[in-house]
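Q: According to the working numbering, the stretch in the sequence shown is residues 39 to 361, in order.
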Amino acid sequence: NYAVPVKSGISTGYKQDFESQPIGWISYGYNNSWEWGVPTGGPGNAASGEKVYGTKLNGNYDNYANMNLMLPPIVLPEGNAYLQFKDWYRLDNSSHDDHVDYGHVLVSTDEQNWQQLSRFTGNSENLWTERQIDLSAYAGQKIYIIFNVTADAIFTSSGWYIDDVALSNTSHTTANVELEDLQQQKLLARQLENEPQTNKKVVNLDTIQPTKIQNVMAPTATITPTAVQPMSLPLGATVSVLESGRSVTTNPIDGSYVINAHPSGEFTLRAETYGYESADQRVNISKNGTVEANFTLNPISKGTVSGTVTNKQTGQPIANATL
Numbered sequence: 039n040y041a042v043p044v045k046s047g048i049s050t051g052y053k054q055d056f057e058s059q060p061i062g063w064i065s066y067g068y069n070n071s072w073e074w075g076v077p078t079g080g081p082g083n084a085a086s087g088e089k090v091y092g093t094k095l096n097g098n099y100d101n102y103a104n105m106n107l108m109l110p111p112i113v114l115p116e117g118n119a120y121l122q123f124k125d126w127y128r129l130d131n132s133s134h135d136d137h138v139d140y141g142h143v144l145v146s147t148d149e150q151n152w153q154q155l156s157r158f159t160g161n162s163e164n165l166w167t168e169r170q171i172d173l174s175a176y177a178g179q180k181i182y183i184i185f186n187v188t189a190d191a192i193f194t195s196s197g198w199y200i201d202d203v204a205l206s207n208t209s210h211t212t213a214n215v216e217l218e219d220l221q222q223q224k225l226l227a228r229q230l231e232n233e234p235q236t237n238k239k240v241v242n243l244d245t246i247q248p249t250k251i252q253n254v255m256a257p258t259a260t261i262t263p264t265a266v267q268p269m270s271l272p273l274g275a276t277v278s279v280l281e282s283g284r285s286v287t288t289n290p291i292d293g294s295y296v297i298n299a300h301p302s303g304e305f306t307l308r309a310e311t312y313g314y315e316s317a318d319q320r321v322n323i324s325k326n327g328t329v330e331a332n333f334t335l336n337p338i339s340k341g342t343v344s345g346t347v348t349n350k351q352t353g354q355p356i357a358n359a360t361l
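1) If we count Cβ pairs, one from each stretch, closer than 8 angstroms, do we get three or more for the region 164 to 172 versus the region 63 to 78?
2) Pull up the distance between the alpha-carbon of Tyr140 and that of Asn106, whole angstroms please.
3) What do you reckon, is the C-beta of Gly293 under 8 angstroms from a heavy atom of the ligand SAH?
4) Go through its chain and collect everything with a Cβ distance to Lys53's Cβ below 6 angstroms, but skip five positions before and after it.
5) Could you name each continuous beta strand (DSSP E) segment of 3 residues or more that falls completely within the region 44 to 117, going from the start of the chain to the end?
6) Return the CA-CA distance between Ala275 and Asn289, expressed in angstroms with no decimal places.
7) Less than 8 angstroms between the CB atoms is what I'm expecting for Gly178 and Pro110, so what's the real figure, rounded?
8) Would you call the region 301 to 315 in contact with the region 330 to 337, where contact means no fewer than 3 C-beta pairs closer than 8 angstroms?
9) Name, in chain order, the residues that DSSP records as bridge partners for Ala317.
10) Quick one: what does DSSP say Tyr199 is sitting in, helix, strand or coil?
11) Where does Ser174 sit, in a helix, a strand or coil, going by DSSP?
12) Thinking Gly160 and Asn131 are a contact (beta carbons under 8 angstroms), I'd like their distance in whole angstroms, please.
13) Check each candidate in Asn326, Thr348, Ser278 and name the one with the smallest Cα separation from Thr362.
14) Rounded C-beta distance between Asp55 and Asp190? I'm assuming under 8 angstroms.
15) Going by DSSP, name the residue or residues bridged to Leu129.
16) When the Cα of Glu163 is compared with those of Val143, Ser196, Gln150, which residue comes out closest?
17) Could you tell me whether the Cβ atoms of Ile112 and Leu155 are closer together than 9 angstroms?
18) Compute the distance between the beta-carbons of Gln354 and Thr348, then report whether it is under 9 angstroms.
19) Please name the residue in Glu304, Arg128, Val145 whose C-alpha comes closest to that of Val138.
20) State the DSSP-derived secondary structure class of Tyr300, mapped to helix, strand or coil.
21) What are the start and end residues of the beta strand (DSSP E) that includes Ser285?
22) DSSP has Lys325 in a bridge; who is on the other side?
23) Please state the DSSP three-state secondary structure of Ala204.
24) Counting along the chain, where does the beta strand (DSSP E) carrying His142 start and finish?
25) Which stretch, first to last residue, makes up the beta strand (DSSP E) that contains Met185?
The following block contains the structure:
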């Protein structure tokens with residue numbers, strides 16, 4: 039008998055510099071403008087290379103936003119674990135009371151209930167800054183992490199840009215371990231000092247929740263809940279164009295895939311992965327057009343392989359041999 043592990047998420051050792059399509063990353067939420075690519079607004083450059091993930095690559099984010107950028111699912115080993123990344127941000131904090139825009143790093147074990155790991159507002163002084171968040175409290179668990187931006191109805195700004203994300207079991211001692219921005223604490227203190235008698239509603243920043251997962255966007259395409267059946271393709275499946283040799287792997291969250299900038303014509307798509315029967319579909323790709331091809335793979339029949347490993351010279355069984 040053979041046990042074949044199925045990868046259910048990323049873990050320590052994972053690195054993403056966004057120079058190629060970040061598989062498994064999605065964004066969603068109200069007035070969502072998270073984009074992957076080359077920034078012309080905000081910092082005007084990446085921390086390394088050319089590409090980043092930002093709230094808007096060429097301008098300001100929108101008012102009334104509650105938008106989320108989600109990493110692929112994370113399976114943490116036992117022991118220490120740290121989320122490390124570089125960021126550049128400029129979030130509006132020029133208003134009084136609760137009219138302030140915030141960035142949050144949130145974690146969940148069920149994608150329903152979210153806990154804040156960090157919160158900040160203001161700006162990063164036009165610098166890309168190394169950040170680190172300790173995830174060790176979630177050792178041995180599967181977790182989900184999102185970068186969330188909430189915006190009010192008054193003003194907006196350049197937003198939040200992320201680059202060079204990593205999961206590590208070693209602390210990055212030069213990073214700012216606590217992302218919580220002192221500007222936020224000073225702002226709240228100023229509000230209390232200047233308006234001690236205010237009766238206006240104050241947002242509880244400790245209990246703020248992101249929007250539910252809907253209208254999901256992948257780095258290169260928009261995916262609606264009906265566009266593809268979740269998990270119809272197994273984790274780690276590959277979809278190939280037989281005639282051109284182009285291939286992509288499926289999104290580890292919902293089984294979706296995108297093949298970009300393929301020449302027009304009639305082609306054969308093949309979806310395949312270990313432990314499942316492969317499936318083919320013929321598609322006709324028009325110039326500048328989009329074709330949707332959904333696959334459902336059936337598990338192959340399972341059998342048992344048994345036998346004895348022996349020494350060729352003596353004919354005696356060999357103990358603890360590995361196949």
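C-beta: ideal position from N, C-alpha, C; glycine also.
A: The structure says:
1) When Cβ pairs closer than 8 angstroms are counted between the two stretches, the region 164 to 172 is seen not to touch the region 63 to 78, the count staying below three.
2) Within the sequence shown, the letter at position 102 stands for residue 140. Within the sequence shown, the letter at position 68 stands for residue 106. Cα to Cα, the separation comes out at about 12 angstroms.
3) Looking at this structure, you won't find the ligand SAH or any other ligand, since it has none at all.
4) Within the sequence shown, numbered from 1, the residue matching residue 53 stands at position 15. Exclusion of the five residues before and after Lys53 leaves Ala204 as the residues of its chain whose Cβ lies within less than 6 angstroms of its Cβ.
5) Segments of the beta strand (DSSP E) lying fully in the region 44 to 117: 64 to 68, 73 to 75, 90 to 92, 104 to 108.
6) Numbered from 1 along the sequence shown, position 237 holds the residue referred to as residue 275. Numbered from 1 along the sequence shown, position 251 holds the residue referred to as residue 289. Spanning the two alpha carbons is a distance of roughly 9 angstroms.
7) Locating residue 178 in the sequence shown gives position 140, counting from the first residue. Locating residue 110 in the sequence shown gives position 72, counting from the first residue. Rounded to whole angstroms, the Cβ separation of Gly178 and Pro110 is 18 angstroms, and the two are not in contact under 8 angstroms.
8) Verdict: yes, contact present.
9) The residue given as residue 317 occupies position 279 in the sequence shown. As computed with DSSP, Ala317 is found in a beta bridge with Ala309.
10) Looking up residue 199 in the sequence shown gives position 161. DSSP places Tyr199 in the strand class (E or B) of the three-state scheme.
11) Counting from one through the sequence shown, the residue named residue 174 turns up at place 136. Ser174 sits in a helix when the DSSP states are folded into three classes.
12) As a first step, residue 160 is located in the sequence shown; it is residue number 122 there, counting from the start. As a first step, residue 131 is located in the sequence shown; it is residue number 93 there, counting from the start. Yes, Gly160 and Asn131 are in contact; Cβ-Cβ is about 5 angstroms, under 8 angstroms.
13) The requested residue 362 is not part of the displayed model; the chain covers only 39 to 361.
14) Numbered from its first residue, the sequence shown carries residue 55 at position 17. Numbered from its first residue, the sequence shown carries residue 190 at position 152. Actually they do not touch by this definition, with Cβ atoms about 32 angstroms apart.
15) Within the sequence shown, numbered from 1, the residue matching residue 129 stands at position 91. Its beta-bridge partners are Gly160.
16) In the sequence shown, counting from the first residue as 1, residue 163 sits at position 125. When each option's Cα is compared against that of Glu163, the closest is Ser196.
17) On the sequence shown, residue 112 is found 74 positions in, with the first residue counted as 1. On the sequence shown, residue 155 is found 117 positions in, with the first residue counted as 1. Going by C-beta atoms, Ile112 is not nearer than 9 angstroms to Leu155.
18) Taking the first residue of the sequence shown as 1, we reach residue 354 at position 316. Taking the first residue of the sequence shown as 1, we reach residue 348 at position 310. In this structure, Thr348 lies closer than 9 angstroms to Gln354 by Cβ.
19) What you label residue 138 is simply residue 100 of the sequence shown in a count that begins at 1. Nearest option by C-alpha distance: Arg128.
20) Here residue 300 refers to the residue found at position 262 of the sequence shown. Note that residue 300 is His in the sequence shown here, rather than Tyr. DSSP places His300 in coil when its eight states are reduced to three.
21) On the sequence shown, position 247 is the one that residue 285 refers to. Unbroken beta strand (DSSP E) run through Ser285: 285 to 287.
22) The count along the sequence shown starts at 1 and reaches residue 325 at position 287. Residue pairing by DSSP places Lys325 in no beta bridge whatsoever.
23) To locate residue 204, count along the sequence shown from 1; it is residue 166. Ala204 falls in the strand class under three-state DSSP.
24) Residue mapping note: residue 142 aligns to position 104 of the sequence shown, counting from 1. Residues 140 to 146.
25) Stepping through the sequence shown from its first residue, residue 185 is reached at position 147. In the sequence as displayed, the identity of residue 185 is Phe instead of Met. Under the DSSP assignment, Phe185 falls in the beta strand (DSSP E) whose first and last residues are 180 to 188.
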